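For the sequence shown, my numbering begins at 45 and goes up steadily by one.
Built from N, CA and C at the ideal position, the CB exists for glycine as well.
Just so you know, these numbers come straight off a predicted model, no measurement behind them.
Input: a single structure, listed below in structure tokens.
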Amino acid sequence: MRPQPGDLLRIDGRASVQFAGDRALTFRVVSVCPKPTYTGWVWLTGYVIDRRGQAIDRREIFVQLAGLHRATSTPAPSRSRVSRPYASAHDQGDGGAARDGSGLRARADAR
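What follows is the structure in structure tokens.
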């Protein structure tokens, strides 16, 4: 298989011994180096993808074309959740509780 930008690949020991066993990874291809290398090998640039579908590391890897396989689909990246501060009984949503500190007193009293 000849990879293209955007391909999601499972890189394991079939592609190169450095990715054998627990070193296997899921890889999103960004670019394929056009320069000639050893026959059947290619340089790929892309991102290591975690189980949640998040890109966690940008890498360049040298792999055998015959050992490349499409990855089973991973979950779509989830949007990060915005954590919101604790809302006290005095908080009316206008920020007044944060400005005057009444929200902090309410939390301390709740303990």
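Please work out which residues of its chain come closer than 6 Å, Cβ to Cβ, to ASP51, disregarding the five sequence neighbours upstream and downstream, and give them in chain order. Within the same chain, ASP51 has close Cβ partners VAL73.
Spatial neighbours of ALA59 within its chain, please: C-beta separation below 7 Å, excluding the five flanking residues on both sides. Beyond the five residues adjoining it in sequence on each side, ALA59 comes within less than 7 Å, by CB distance, of VAL107, GLN108, GLY111, LEU112 in the same chain, given in chain order.
Who are the near neighbours of SER75 in its chain, counting only those whose CB is closer than 8 Å to its CB and skipping five residues on each side? Excluding positions up to five away in sequence, the list reads PRO49, LEU88, THR89, GLY90.
Start-to-end residues for the beta strand (DSSP E) that takes in LEU109: Neither: LEU109 is in no beta strand (DSSP E) and is coded neither H nor E.
If you check the beta carbons only, do THR70 and ILE93 fall under 8 Å apart? In this structure, ILE93 lies closer than 8 Å to THR70 by Cβ.
Alpha-carbon to alpha-carbon, ARG96 and ASP66: C-alpha of ASP66 to C-alpha of ARG96: approximately 18 Å in a straight line.
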